[in-house]
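Inspection log for the structure reproduced underneath, given as structure tokens.
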Amino acid sequence: MANNTKNIMIVGVGGQGTLLTSRILGGITVEAGYDVKLSEVHGMAQRGGSVVTFVRYGEKVAEPIVEEGQADLLIAFEMLEAKRYAHFLKKDGVLVVNEQRIDPITVVTGAATYPEGIVEELEKEYSVLKINAMDEALKLGNSKVFNIIVLGMAAKHMDFSKEDWLKVIEKTVPPKTVEMNKKAFLLGFEGAY
Amino acid sequence: MSEVKIMLGNEAIARGAFEAGVKVSAAYPGTPSTEISENIVNYPEIYAEWSPNEKVAMEVAIGASISGVRAMASMKHVGVNVASDPLYTISYSGVNGGLVLVAADDPGLYSSQNEQDTRCVARAAMVPVLEPSDSQEAKDFMKYAFDLSEKYDTPIILRTTTRLSHSQGPVTLEERCEPVDAVYERNPAKFVMMPGNAKLRHVYVEQRLKDMAADACEMPINKVEMNDTKIGFITSGIAYQYVKEACPNASVLKLGLVHPLPRKLIEDFASKVETLYIFEELEPVFEEQIKSWGIKCIGKEIFTVQGEYSANMIRKAILKEEVELKPAAQVPARPPILCPGCPHRSVYSVLNKLKIHAAGDIGCYTLGAVAPLSVVDTTVCMGASISTLHGMEKAKGKDYIKNWVAVIGDSTFMHTGINSLMNMVYNQGTGTVMILDNSTTGMTGHQDHAATGKTLMGEEVPAINIFHLCKSLGIKNVVEVNAFDIVELERIVKEEVAKDEVSVIITKSPCVLLKGNKFTTKCVPVPEKCVKCGMCLKPGCPALTKNADGTISIDQTMCNGCGLCKNLCKLGAIETVEV
Chain B
19 MANNTKNIMI
29 VGVGGQGTLL
39 TSRILGGITV
49 EAGYDVKLSE
59 VHGMAQRGGS
69 VVTFVRYGEK
79 VAEPIVEEGQ
89 ADLLIAFEML
99 EAKRYAHFLK
109 KDGVLVVNEQ
119 RIDPITVVTG
129 AATYPEGIVE
139 ELEKEYSVLK
149 INAMDEALKL
159 GNSKVFNIIV
169 LGMAAKHMDF
179 SKEDWLKVIE
189 KTVPPKTVEM
199 NKKAFLLGFE
209 GAY
Chain D
15 MSEVKIMLGN
25 EAIARGAFEA
35 GVKVSAAYPG
45 TPSTEISENI
55 VNYPEIYAEW
65 SPNEKVAMEV
75 AIGASISGVR
85 AMASMKHVGV
95 NVASDPLYTI
105 SYSGVNGGLV
115 LVAADDPGLY
125 SSQNEQDTRC
135 VARAAMVPVL
145 EPSDSQEAKD
155 FMKYAFDLSE
165 KYDTPIILRT
175 TTRLSHSQGP
185 VTLEERCEPV
195 DAVYERNPAK
205 FVMMPGNAKL
215 RHVYVEQRLK
225 DMAADACEMP
235 INKVEMNDTK
245 IGFITSGIAY
255 QYVKEACPNA
265 SVLKLGLVHP
275 LPRKLIEDFA
285 SKVETLYIFE
295 ELEPVFEEQI
305 KSWGIKCIGK
315 EIFTVQGEYS
325 ANMIRKAILK
335 EEVELKPAAQ
345 VPARPPILCP
355 GCPHRSVYSV
365 LNKLKIHAAG
375 DIGCYTLGAV
385 APLSVVDTTV
395 CMGASISTLH
405 GMEKAKGKDY
415 IKNWVAVIGD
425 STFMHTGINS
435 LMNMVYNQGT
445 GTVMILDNST
455 TGMTGHQDHA
465 ATGKTLMGEE
475 VPAINIFHLC
485 KSLGIKNVVE
495 VNAFDIVELE
505 RIVKEEVAKD
515 EVSVIITKSP
525 CVLLKGNKFT
535 TKCVPVPEKC
545 VKCGMCLKPG
555 CPALTKNADG
565 TISIDQTMCN
575 GCGLCKNLCK
585 LGAIETVEV
């Protein structure tokens, strides 16, 4: 049952929009006629903490979580979180990482140090796609859509059509933000990253 | 063809309530149960409310059921403790219209103060429990629960867990049924639980459970999937999915009714498999009962009572598969923290400076326990801050608490804090209570309550005024102050804790994430004035980072411009700019 199931993880810092991103991902798999399960984090854990959501799709999906060593695709909105969850990737899994650094409170207070050279290190072990999506989002004039740019980039590694993605984005994001989100998605999807 | 929609477990529970013809729903928000009510409110056929606490919510649902309609209450597992008083007794009375309590457990403690198993409460209260395994079942079981409730004249608990409530999966939608309201007839022997009546109802309740246990062997929600008989599993809920993932070919008895247990069905299944495993998250509820019947099985010998389960647990413990895993990287932890611009941070920065201890409560402000704020010393349950402070005073005398305050949020104050404050006044306490009023139930994602002026269904109503409420208790010292005015706040705190009387300090500043609450400024550093003293970094705002040279940077996408860092800097090395 597990063999043809695709396992995707989205990791980041609470408030970075992992929920919205996973809902778009869930939407596109349903659009394509797959069975799908998503698992999210709500409540206290969301408050600036490390958050992870799972998306699994295939013919028939049983468990809603992705376990260690099983992720086909890991989408990380922050570098430290990429490192924290990289071991969830399969051997031939792909990591898409947003090169943003957000210091956890343990670093701010001096109790821990933010590791240097995270992406370079991950590149040695995994197939890595990187982008500074925050810079790109600011160029678009809205820092909040950086996550959709990263999703657009990750979408290049999935078998769904551009039209379907745009349709699902239109259905999922708040009406006022549809155009901005579509623009952000296409930037990631069609950009030379 | 009927419509298929991808739904969160909680959304599916709400849909089930709708399709079952529920007319009244009451709840108090609590992760992971909150989205049930937030979705129910989308069905105008259902009256839905946020009650001030779970006991009230349960009683509202009970009243609706007695009057003859289908009714429900929903809450997190610890909320069931608050509601347990009415629950234990309505179990005796039974119902008129169907009555369902949705209880959301939190294995793994994603957002809770303990990891209790509602099945244990249900056994003690003699209330039957259903447990779905995915979103589709969450909806279907909800409808079935109402049928059972009416058939067996009992309240039913639908138990969910964080993983189920917050997972999404496809659900086939059906029409709402409109059951005819049950006729209300005065029946004191059933609905007035005084000793003589309750004694007789207890006999009924015991028989009811026996009948259900016997009938459970035939219930469609208890399913036997016979495959390879080498290994057999008895499981339920989300744990079933892990079994299917790890051992798709094993035989499984999937329990949908998890209390009472179908003994005959279990004995029969056990006799057909070589090795029987009991795979249940949290307490060994099935296991202890099954072992007590003399059935050989393996459960908590190899599976933990703590946290969530997974398919890998089965692969390792039963299949002895060497699951080849890379070790997790050693990286700095990222615990949850208060948001940039959170008024609680401002309050705690003052308390930290004054070296004041806080008896804490349940909400975002519990995060004041962790470094660098490190102000909150205790957290027990909803409303406990004020009463625990009072207990300290009665144990050690009024001088002992001169460097203590109780901190409690507005929603938690309305939940049960008000009772504790009445007690402090009545029993001549002298404590200082800080109500951190951010105009919402913050932690669970912004739900209204009696002091916000808006109901769950969106109606504008008169807001209960917390200031006047405290005044009405006869408290002389009630002060309101802006949480970000740290100079004034410091003066007030010093003054109030010194008094030999009850004081209430209400810090009134809305949650930074609350809709419509937009700061119009951002904080920016002025490096040439910076002497690298680190004062601004003390409250631990995540938007601030220390540069290699000791000066600071402020992340402009994170900063909400609250100005706390600016106010802490005596040298003008941080400015606010309009945006």
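One line per chain: the protein sequences are B and D, in this order. Going from the first sequence to this note's numbering is simple: count from 1 and add 18. Going from the second sequence to this note's numbering is simple: count from 1 and add 14. The C-beta atom is built at its ideal place from N, Cα and C for all residues, glycine as well. Since we're looking at a predicted model, the values are computed, not measured.
Item: C-beta neighbour in chain D for B/Leu98, strict 7 Å; Value: yes
Item: The segment 96-113 of chain D / the segment 185-204 of chain D touching (three or more Cβ pairs under 8 Å); Value: yes
Item: First and last residue of the uninterrupted alpha helix (DSSP H) at B/Ser68; Value: Careful: B/Ser68 lies outside any alpha helix (DSSP H), inside the beta strand (DSSP E) at 68-76.
Item: For D/Leu101, three-class secondary structure by DSSP; Value: helix
Item: Nearest-angstrom Cα separation, counted from D/Val475 out to B/Met19; Value: Its pLDDT being 40, under 50, B/Met19 is placed unreliably by the model, and the measurement read from it follows with that caveat. Distance between the alpha carbons of B/Met19 and D/Val475: 53 Å.
Item: The segment 437-445 of chain D contacting the segment 537-556 of chain D, beta-carbon criterion three pairs below 8 Å; Value: no
Item: C-beta atoms of D/Val257 and D/Phe293 nearer than 7 Å; Value: yes
Item: Residue range of the unbroken beta strand (DSSP E) whose run includes D/Lys513; Value: Counting along the chain, D/Lys513 falls outside any beta strand (DSSP E), and DSSP gives it neither H nor E.
Item: Whether D/Leu403 touches D/Ala373 by CB criterion (7 Å); Value: yes
Item: Coil, strand or helix - D/Asp375 by DSSP; Value: coil
Item: Any chain B beta carbon closer than 7 Å to D/Val593; Value: no
Item: Within chain B, the residues that D/Ser81 reaches when beta carbons sit closer than 8 Å; Value: None at all; the shortest Cβ gap to chain B is about 34 Å.
Item: Against chain B: residues of the segment 510-536 of chain D by CB proximity under 8 Å; Value: none
Item: Residue environment, B/Gly135, which counts as buried when at least 16 other CB atoms sit within 10 Å; Value: exposed
Item: Contacts of B/Thr127 in chain D (Cβ-Cβ under 7 Å); Value: Ala385, Pro386, Gly554
Item: Between the CA atoms of D/Glu145 and D/Lys305 - distance to the nearest angstrom; Value: 21 Å
Item: D/Gln255 - containing alpha helix (DSSP H), residue span; Value: 251-260
Item: CA nearest to the CA of D/Ala41, picked from D/Ala139, D/Ile60, D/Val70, D/Gly564; Value: D/Val70
Item: Length of the line joining the Cα atoms of D/Leu594 and D/Pro350; Value: Outside the shown range of chain D, which is 15 to 593, sits residue 594 of chain D, and nothing can be said about it.
Item: Bridge partners - D/Tyr61, DSSP secondary structure assignment; Value: D/Val38
Item: D/Trp418, DSSP secondary structure in three states; Value: strand
Item: Candidates D/Pro357, D/Glu473, D/Phe247, of which the one nearest D/Leu528 by Cα; Value: D/Pro357
Item: CB contact check: D/Thr45 to chain B, cutoff 7 Å; Value: yes
Item: Classification of D/Thr186 by the beta-carbon crowding that lies within 10 angstroms, buried from 16 upward; Value: exposed
Item: Between the CA atoms of B/Lys174 and D/Lys19 - distance to the nearest angstrom; Value: 26 Å
Item: C-alpha gap between B/Lys217 and B/Ile149, whole angstroms; Value: Beyond the ends of chain B as shown, which are 19 and 211, falls residue 217 of chain B; an answer cannot be given.
Item: Close-in-space but distant-in-sequence residues of the same chain around D/Ile415 (CB under 7 Å, 5 per side omitted); Value: Leu403, Met406, Glu407, Gly445
Item: Which listed residue (D/Ile519, D/Asp413, D/Tyr254) has its alpha carbon closest to that of D/Asn491; Value: D/Ile519
Item: Those residues which DSSP pairs with D/Ser51 across a bridge; Value: According to DSSP, D/Ser51 bridges with nothing at all.
Item: CB contact check: B/Ala94 to chain D, cutoff 7 Å; Value: no
Item: Listed by chain order, chain D residues near B/Glu58 by CB distance under 7 Å; Value: His180
Item: Per-residue contacts from D/Asn326 into chain B (C-beta, under 8 Å); Value: Glu85, Glu86
Item: Residue-level contact to chain B via CB, D/Gln127, 7 Å cutoff; Value: no
Item: Same chain, Cβ closer than 7 Å to D/Met72, five either side skipped, listed in chain order; Value: Ala87, Ala97, Pro100, Leu101, Leu115
Item: Chain-ordered neighbours of B/Tyr132 on chain D, where CB pairs are closer than 8 Å; Value: Pro346
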